[in-house]
Amino acid sequence: MEVTAKARYVIVSPKKVWRITRELRGMDYKKTQELLREMNLKAARILEKLLKSAFYNAQQKDANLSEEDLFIKEIAVTGGPAYKRMMPRAQGRADVIRKQTSHINVVLANKEEA
């Protein structure tokens, strides 16, 4: 059984999220949650919530499922649109500040079926 969860338009640069997701592929769900709790990063909080959402999606499909039964089969991060903000500068000029966004997709799968 595979379940997915998606987070779209998250205001964190994809580069910052990739840095974390690179380590998480193929890990157990429970071990991943513990690892993310230890990280002091905004992207880690977002990934922790997203994984929890995917776990609850799995429980909706199968109520007897436990945390130990799941692992991260796939985790993908793609860039979303950038928000543009203006920063006033000297002599009437303005600079554009681009706030990067990310789309994150997580697929959890059952260990026994994989």
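Going letter by letter, the sequence shown gives residues 1 to 114 in my numbering.
We put the beta carbon where it would ideally sit given N, CA and C, even for glycine.
Item to check | Buried versus exposed, by CB contacts within 10 Å (16 or more), S66 | outcome: It counts as exposed.
Checklist entry - Are Y92 and P14 close, meaning C-beta to C-beta below 7 Å? => result Per the sequence shown, the amino acid found at residue 92 is Gly instead of Tyr. Contact flag unset, no.
Item to check | Collapsed DSSP secondary structure at A94 in the structure displayed | outcome: strand
Checklist entry - Buried or exposed: where does D62 fall if 16 or more other Cβ atoms within 10 Å of its Cβ makes it buried? => result exposed
Checklist entry - Where does E74 fall in DSSP's three states? => result strand
Checklist entry - Does the beta-carbon distance from L36 to L47 come in below 7 Å? => result yes
Checklist entry - Is the segment 38–45 close to the segment 79–88, with three or more CB pairs under 8 Å? => result no
Item to check | Cβ distance (whole Å) where V77 is taken to contact W18 below 8 Å | outcome: 5 Å
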